[in-house]
Amino acid sequence: MNWLTRIKTLGDRIKKNLKKTMATKAEQMSSPYTSCHGKPILKKTLEQNNFVCAECNFHHKLEPHQYFSSILFGKNIYTEIDSPVPYEDVLNWEDNKKYTDRLAQAKKASGLKCGILSVEGKIKDIDVVVSCQSWKFIAGSISMPEGENVLSAINTCLEKKLPYVFIAKSSGMRMMTSSLSLAQMTRMTLAVNELKRAGLPFITIITNPTTGGTSASIVPLADIILAEEGAIYGFAGKRIVQNTETRPLDENFQTVEWAKNNGQIDKIVNRKDLKDTLYNLLSILLKKNSEVNSENSNETSELNIKTREAS
Ligand SMILES: [Zn+2]
365 MNWLTRIKTL GDRIKKNLKK TMATKAEQMS SPYTSCHGKP ILKKTLEQNN FVCAECNFHH
425 KLEPHQYFSS ILFGKNIYTE IDSPVPYEDV LNWEDNKKYT DRLAQAKKAS GLKCGILSVE
485 GKIKDIDVVV SCQSWKFIAG SISMPEGENV LSAINTCLEK KLPYVFIAKS SGMRMMTSSL
545 SLAQMTRMTL AVNELKRAGL PFITIITNPT TGGTSASIVP LADIILAEEG AIYGFAGKRI
605 VQNTETRPLD ENFQTVEWAK NNGQIDKIVN RKDLKDTLYN LLSILLKKNS EVNSENSNET
665 SELNIKTREA S
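Every position in the sequence shown, counted from 1, becomes a number in my numbering once 364 is added.
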């Protein structure tokens, strides 16, 4: 055995031992602990604080049912909007895995038919349609079924004269369906135009991370653009942008705080205030409960301009 083989054997042995000490996926799921800022944290404690770390304020990723049950509506107090799921693997795509296998895995992990779940519910006394993206479904990417889902949600808004809220968390358009995914940017844009034509309010909420074609289509088209604290928001990755720039980028480049300073976001919200903020904004845009939203409300003063624009 030469020295090179010896080093490789030693490396393999270390790797094997490390693997033995790491928790399996099943063990991680069943554990009462998760981790944040390099420390263990009780899942129950995190849940009681809207899935926001009390120590470092990190807003942990939430799946659609968690947003609906824990943040906006209350446990299962909402109705799912049905939408068609067209056959997707039209390109017969395969990279290191078959696309059909990826889809099956995503459906199992998220418990959803596609990467967006749209529902009808009530935020306090305001009826609303909300669509939310799932990170567990191929990193919140958008393809034909997700486009159909947004169209079904917006159709419901048009039929019932309801406001629309879109909670974004996405890596962009799904590469496995190529231009058919990109076409969803246009379809969603046209659907949003119909909302605007009907005078129905549209609010987006940027959550961590929102990138790619999602940040270049449906998200910036809203009447009001909200963002959760600390989220990443941008089109291409920071490193890719840096490669095309001669000067160094800002340290907080592509954070929502940076985007707000550059006029791309209206308001940054802590998750604990999200429901109240949405309620106040919708009240103003729908011209409801005007006496409740008095002038001392931040939302009211910030949004007077928007309301005038909308009317
Ligand atoms: Zn933390």
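No residue lacks a Cβ here, since even glycine has one placed at the ideal position from N, Cα and C.
Got a sec? Which residues, its chain only, sit under 8 Å from residue i by beta carbon, not counting five neighbours each side?
i: THR553; result: SER581, ILE582, LEU585
i: PRO448; result: PRO509, GLU512, SER516
i: THR520; result: ILE445, SER482, GLU484, VAL493, LEU526
i: LYS471; result: LYS477, PHE501
i: GLU558; result: ILE518, LEU522
i: PRO450; result: MET508, PRO509, GLU512
i: LYS383; result: none
Spatial neighbours of residue i within its chain, please: C-beta separation below 6 Å, excluding the five flanking residues on both sides.
i: ALA562; result: LEU522
i: LEU481; result: PRO428, CYS496
i: GLN548; result: ILE506, GLY511
i: GLY577; result: GLY536, MET537, MET549
i: TYR643; result: ILE487, LYS488
i: ILE490; result: LEU646
Residue i and residue j: beta carbons closer than 7 Å?
i: VAL529; j: VAL492; result: yes
i: SER507; j: SER535; result: no
i: SER545; j: ARG538; result: yes
i: LYS439; j: SER474; result: no
i: ARG692; j: HIS424; result: Beyond the ends of the chain as shown, which are 365 and 675, falls residue 692; an answer cannot be given.
i: ILE567; j: ILE531; result: no
i: THR575; j: LYS533; result: no
i: ILE588; j: LEU645; result: yes
i: ASP453; j: TYR442; result: no
List the whole-angstrom C-beta distance separating residue i from residue j, where the pair is believed to meet the contact cut-off of C-beta under 8 Å.
i: ILE604; j: GLN618; result: Not confirmed; about 11 Å, so no contact.
i: LEU476; j: PRO565; result: No, LEU476 and PRO565 are not in contact; Cβ-Cβ is about 26 Å, not under 8 Å.
i: GLY598; j: SER579; result: 6 Å
i: ASP630; j: TRP622; result: Actually they are not in contact, since the Cβ atoms of ASP630 and TRP622 sit about 15 Å apart, beyond 8 Å.
i: ASN413; j: GLY594; result: Their Cβ separation, rounded to whole angstroms, is 15 Å, which puts ASN413 and GLY594 out of contact at 8 Å.
Excluding the 5 residues flanking residue i on each side, which residues of the same chain have their C-beta closer than 7 Å to its C-beta?
i: TYR397; result: PRO404, ILE405, LEU406, LYS407
i: ASN607; result: none
Any heavy atom of ligand 1 within less than 6 Å of residue CB: hits in chain order: CYS400, HIS401, CYS417, GLU419, CYS420, PHE422
At least three beta-carbon pairs within less than 8 Å, the segment 631 to 639 to the segment 435 to 443: Yes: at least three Cβ pairs fall under 8 Å.
Contact the segment 412 to 430 vs the segment 385 to 402: 3+ CB pairs below 8 Å: yes
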